[in-house]
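Below: one structure, written as structure tokens.
Protein chains: 2
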Amino acid sequence: MEKRALYLRIRDYLAADIAAGKWAENEKLPSERQLSEQFNTTRVTARQALTQLEAEGLIFRSNRRGWFVTPPRINYDPSRDMGFVRYVEDQGFSARTQTLEKKLIELPDHIADEVGLDRGTPVYEILRRRYINDRPCLIEKIFLNPKHCPGVLQHSLDRSLWSLLKAEYDLVPVERHLEIYPQTLEQPIAEALDANTGTSGLYIRRICRDQNGDFLELDEEFWLHNALKVVVSVMPD
Amino acid sequence: MEKRALYLRIRDYLAADIAAGKWAENEKLPSERQLSEQFNTTRVTARQALTQLEAEGLIFRSNRRGWFVTPPRINYDPSRDMGFVRYVEDQGFSARTQTLEKKLIELPDHIADEVGLDRGTPVYEILRRRYINDRPCLIEKIFLNPKHCPGVLQHSLDRSLWSLLKAEYDLVPVERHLEIYPQTLEQPIAEALDANTGTSGLYIRRICRDQNGDFLELDEEFWLHNALKVVVSVMPD
DNA sequence: AAGTGGTCTAGACCACGTG
DNA sequence: ACGTGGTCTAGACCACTTT
Chain C
1 MEKRALYLRI RDYLAADIAA GKWAENEKLP SERQLSEQFN TTRVTARQAL TQLEAEGLIF
61 RSNRRGWFVT PPRINYDPSR DMGFVRYVED QGFSARTQTL EKKLIELPDH IADEVGLDRG
121 TPVYEILRRR YINDRPCLIE KIFLNPKHCP GVLQHSLDRS LWSLLKAEYD LVPVERHLEI
181 YPQTLEQPIA EALDANTGTS GLYIRRICRD QNGDFLELDE EFWLHNALKV VVSVMPD
Chain A
1 MEKRALYLRI RDYLAADIAA GKWAENEKLP SERQLSEQFN TTRVTARQAL TQLEAEGLIF
61 RSNRRGWFVT PPRINYDPSR DMGFVRYVED QGFSARTQTL EKKLIELPDH IADEVGLDRG
121 TPVYEILRRR YINDRPCLIE KIFLNPKHCP GVLQHSLDRS LWSLLKAEYD LVPVERHLEI
181 YPQTLEQPIA EALDANTGTS GLYIRRICRD QNGDFLELDE EFWLHNALKV VVSVMPD
């Protein structure tokens, strides 16, 4: 006799309802108390089912507001920089970018060592938040080498950065290094994404260099784990 | 007055101990009951701290055996196929590959449609498990187009597949499509990795084609989420 | 003011892994 | 046989959001 745990059966039940479209994208599920009553159990067990669905990416929570059905993942190719908004819109979603900060700073030592710049080198730092269908999905921290794009902060940065760099400075990345791994979102980032501290996320980092191997850009992206599917095409070496 | 939740303070305490090397890699932490006593709380709260550390990738659990310190992530470049074992060993780890199954099957319809083969096309299916430092870290399901590598199943597959395909059939992939996203591990896969059903994982899929655009290989990998850092280098289009 | 999730207590029984 | 985590009960109070 094999009997799945109660919380997994509740999970299955809710997953089936979600698949059947009982709730629309971004629509709120019944409260934990309602669910625990409905399934004749306690809140702890109902929560366990919800947490499992959250890990699977089927639902997400908004702090103290409730649980909601996750919209489909977008495809995202971090090796292409031409128009995030356009790229997302081609998939039938709306997208929006918001610049949170822009300033000139000294590159942190450990990053300087990594990209091969002198310690203390000044770089532009840009902090942006990106929305998909009005849902904040990622925080992006960009470091730009000012040697190659002096004064870039004076432009509006709510648009495609690389189309700006191409148009104004004729900059084109030649070499791109990508790093991708699952990680939890730390407090300030989780907060900015209306998520709980410790929620799972996907970390993406990109380093771009020009034809001389000069450092152009370091881009760090902190995504909600359920918002995207990374898609990359690679040609042989 | 800001006061972090108890489970987060326990988390911080344990995280500090781990960072300080109080327990070695793969070493077992004290039991949940011991921890809850030590921190003067209940098992539920101690577990919440452990679960948080698990999400962060600092510790992992082995079914009903306990909680253990996670070894460092390996770098992994899914766009390079030359010698997983060698690649891992270059980073100072040991690696091992185990073939679980190999057979000729009909390609599932939805995959056939995707890669552009006729439905019902026979393909080789290979199931492998890969270990890093004797810890099972991923399950790999490979579909090979038999048109390009007839009889490949007669060889030992516990070695680098692409070095075999190159040596025996002069096959070299020209175009590679990658998809990467966080997902939970389903029962059979979690089981094969000595993990719990529903544990978070990282899903990686690679489609390789030859110079004519012919389908060569579909590779699906199911990784423990804390075992790797995906690293890819991309040259411009 | 009412409802929601976030946190926490103090137990319990079970299935499984280890000696 | 014993220790471990896995699951579950039946409550409670709090912080925050919504009405």
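Listed in order, the protein sequences are those of chains C and A.
All residue numbers for the first sequence refer to the UniProt record's numbering, where the first residue is 1 and numbers rise by one.
All residue numbers for the second sequence refer to the UniProt record's numbering, where the first residue is 1 and numbers rise by one.
Glycine residues also receive a C-beta, built at the ideal position from the N, C-alpha and C atoms.
Runs of beta strand (DSSP E) with 3 or more residues, each lying fully within the stretch 152-206 of chain C, are found at 175-184, listed in chain order. Close CB contacts of Thr197 of chain C within its chain, under the 6 Å cut and outside five residues either way in sequence, are with Gln187, Ala190 (chain order). Note on geometry: alpha-carbon atoms of Asp210 of chain C and His148 of chain C lie some 10 Å from one another. When Cβ-Cβ separations below 8 Å define contact, Lys229 of chain A makes contact with chain C.
When the Cα atoms are used, Phe84 of chain A and Ala95 of chain A turn out to be separated by approximately 8 Å. Each residue's CA atom was taken as its position, placing Asn40 of chain A and Ala5 of chain A some 14 Å apart.
Take the alpha-carbon of Asp113 of chain C and the one of Phe215 of chain C: they are about 12 Å apart. Between the alpha carbons of Val231 of chain A and Leu35 of chain C lies a distance of about 42 Å. Classified as exposed, Asp17 of chain C has fewer than 16 neighbouring CB atoms from the shown chains inside 10 Å of its CB. The residues Glu125, in chain order, have a CB closer than 6 Å to that of Ile105 of chain A in the same chain once the five nearest residues on each side in sequence are set aside. Within chain C, Gln52, Ala55 have C-beta atoms less than 7 Å from the C-beta of Gly198 of chain A, given in sequence order.
At a Cβ-Cβ threshold of 8 Å, Ile132 of chain A and Ala192 of chain A do not count as neighbours. Bounds of the beta strand (DSSP E) holding Leu138 of chain C are 135-144. The Cβ of Pro182 of chain A sits closer than 8 Å to at least one Cβ of chain C. Here the alpha carbon of Arg61 of chain A sits roughly 42 Å from the alpha carbon of Val174 of chain C. Exposure of Pro150 of chain A is indicated by the presence of fewer than 16 other C-beta atoms within 10 angstroms of its C-beta.
Pairing Gln98 of chain C with Asp170 of chain C, the inter-Cα distance amounts to about 24 Å. With fewer than three CB-CB distances shorter than 8 Å, the stretch 156-168 of chain C does not count as touching the stretch 115-125 of chain C. Around the Cβ of Val44 of chain C, a 10 Å sphere holds fewer than 16 other Cβ atoms; the residue is exposed. Glu217 of chain C: member of the beta strand (DSSP E) spanning 215-224, first to last residue. Short of 6 Å from the beta carbon of Ile10 of chain A, and not among the five residues preceding or following it, lie these beta carbons of its own chain, in chain order: Phe39, Ala49. DSSP places Phe68 of chain C inside the beta strand (DSSP E), whose first and last residues are 66-69.
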